[in-house]
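Have a look at the structure below before the remarks.
Protein chains in written order, with our numbering: chain A, 1 to 136; chain B, 137 to 289.
As structure tokens, then:
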């Protein structure tokens, strides 16, 4: 037991410095950060969408903000946050409803991250391309 | 060695080293009973529905075609002409607000130690969520583009 614990601590120490909790801790942190980012954006987004109730003059002026190239880079961050939170949420549910899957938690985290990165490659291209065309 | 019951409710197989908390990345265990259990369940059920609604929404509005560049009053007027998209957007509004506000509450349980401050903070989150729910619901169901003739179809 003591040996195993020492081994765990040693392993954990070599991986990042903030929490020393290895992959699980980082995915937990990422889930939290993306979640807070999404709900804070949502609070603003409900208000800006509600502007349609005041007609095209009001709504088109508000939505113009989203067409700004710099805002589109923030938009990319938002899309990434939603997709990561969704994929990681599936991993959490898999472990919650099939607790045995916890034994493959690390592999599931790498799998989730791989799917996330694979999804973000074409999405980043599609969102960033018009920004480049507009700026240069 | 005694078998150790993990928070996930699964026992470590006998004869194997029980894992320490450090190796466990499974997060918050399932609360056994009561309100917290139902919140736990709500987060998972709404999470599954939001996986489709929110990821679908983000891909449709921000990625495909010309993304957010094509979104304007006319676009919304055409979209909300369909009860399908109205239902989609309203359901997403309700679930994401409750899921998000409860998520904030769970986070305050970790970081805000003083109960008074926590209750006040969660009161602000809940009222914000309730006001936005009311605003969103009114707009989705009373929106009538024919009030602006010539712009909408």
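Ideal placement from N, C-alpha and C gives every residue a C-beta, glycine not left out.
Model, not experiment: these values are computed from the prediction.
Nearest residue (CA-CA) to residue i, options the options
i	options	result
residue 187/B	216/B, 219/B and 224/B	224/B
residue 198/B	52/A, 83/A and 47/A	83/A
residue 124/B	258/B, 167/B and 189/B	With chain B represented from 137 up to 289, any question about residue 124/B goes unanswered, as that position is not in the structure.
residue 87/A	101/A, 113/A and 77/A	113/A
residue 243/B	36/A, 135/A, 119/A and 102/A	36/A
residue 89/A	104/A, 23/A, 31/A and 22/A	31/A
residue 263/B	240/B, 283/B, 275/B and 282/B	240/B
residue 280/B	27/A, 120/A and 50/A	50/A
residue 38/A	124/A, 81/A and 102/A	81/A
residue 283/B	167/B, 194/B, 213/B and 166/B	213/B
residue 115/A	46/A, 91/A, 41/A and 95/A	91/A
residue 238/B	174/B, 168/B and 169/B	174/B
residue 42/A	169/B, 170/B and 232/B	232/B
residue 95/A	180/B, 168/B, 204/B and 170/B	180/B
residue 120/A	170/B, 191/B and 172/B	191/B
residue 210/B	70/A, 48/A, 69/A and 52/A	52/A
Separation of residue j from residue i, as counted between CA atoms
i	j	result
residue 202/B	residue 61/A	19 Å
residue 55/A	residue 272/B	15 Å
residue 158/B	residue 4/A	Because residue 158/B carries a pLDDT of 36, less than 50, the predicted location of this residue cannot be relied on, and the following value inherits that uncertainty. Their Cα atoms are separated by approximately 11 Å.
residue 126/A	residue 63/A	19 Å
residue 183/B	residue 93/A	9 Å
residue 176/B	residue 245/B	14 Å
residue 82/B	residue 236/B	As shown, chain B starts at 137 and ends at 289. That puts residue 82/B outside it, with no answer to give.
residue 285/B	residue 75/A	32 Å
residue 248/B	residue 136/A	47 Å
residue 122/A	residue 78/A	15 Å
residue 227/B	residue 220/B	11 Å
residue 24/A	residue 108/A	10 Å
residue 255/B	residue 104/A	38 Å
residue 259/B	residue 178/B	20 Å
residue 66/A	residue 266/B	25 Å
residue 252/B	residue 261/B	14 Å
residue 215/B	residue 57/A	18 Å
residue 185/B	residue 44/A	22 Å
residue 208/B	residue 59/A	7 Å
residue 129/A	residue 194/B	17 Å
residue 102/A	residue 131/A	42 Å
residue 133/A	residue 276/B	35 Å
residue 144/B	residue 97/A	Low confidence applies to residue 144/B: its pLDDT is 47, below 50, so where it sits in the model is not reliable enough to give any reading.
residue 111/A	residue 200/B	25 Å
Near the ligand ATP: residue i beta-carbon under 7 Å from a heavy atom
i	result
residue 190/B	For the ligand ATP, the structure offers nothing, since it holds no ligand at all.
9 Å Cβ cut-off: residues of chain C touching residue i
i	result
residue 79/A	Protein chains in the displayed structure are A and B, and chain C is not among them.
Which complete beta strand (DSSP E) runs does the segment 231 to 258 of chain B hold, if anything under 3 residues is left out? none
Practice item. Give the residues from the segment 217 to 229 of chain B that approach chain A closer than 8 Å (Cβ to any Cβ), ordered along the chain. Key: 229
Give, in chain order, every unbroken run of the beta strand (DSSP E) that is at least 3 residues long and sits entirely within the segment 48 to 129 of chain A.
none
Query raised in the report: Mind listing which residues of the segment 82 to 97 of chain A have their C-beta closer than 9 Å to chain B's C-betas, in chain order?
Result: 82, 83, 85, 86, 87, 89, 90, 92, 93, 95, 96 and 97
>> Against chain B, which members of the segment 100 to 114 of chain A pass a CB distance test of less than 8 Å?
In response: 100, 102, 105, 106 and 109
- Using Cβ-Cβ distances below 8 Å, what residues of the segment 38 to 54 of chain A are close to chain B? 38, 39, 42, 43, 46, 47, 49, 50, 52 and 53
_Beta carbons nearer than 8 Å to chain A: which residues of the segment 181 to 194 of chain B have them?_
183, 184, 186, 187, 190, 191 and 194
| said: Output needed in chain order: residues of the segment 236 to 253 of chain B with a Cβ under 8 Å from some Cβ in chain A. | reply: 236, 237, 239, 240 and 243
Closer than 8 Å between beta carbons: that is the criterion. Which residues of the segment 117 to 130 of chain A meet it against chain B? 123, 126, 127 and 130
Worksheet item: Taking a cut of 7 Å between CB atoms, which residues from the segment 200 to 215 of chain B lie near chain A?
Response: 203, 204, 205, 207, 208, 209 and 212
Using a Cβ-Cβ cutoff of 8 Å, what residues of the segment 53 to 76 of chain A are near chain B? List them in chain order. 53, 55, 56, 59, 60, 63, 66, 67, 72 and 75
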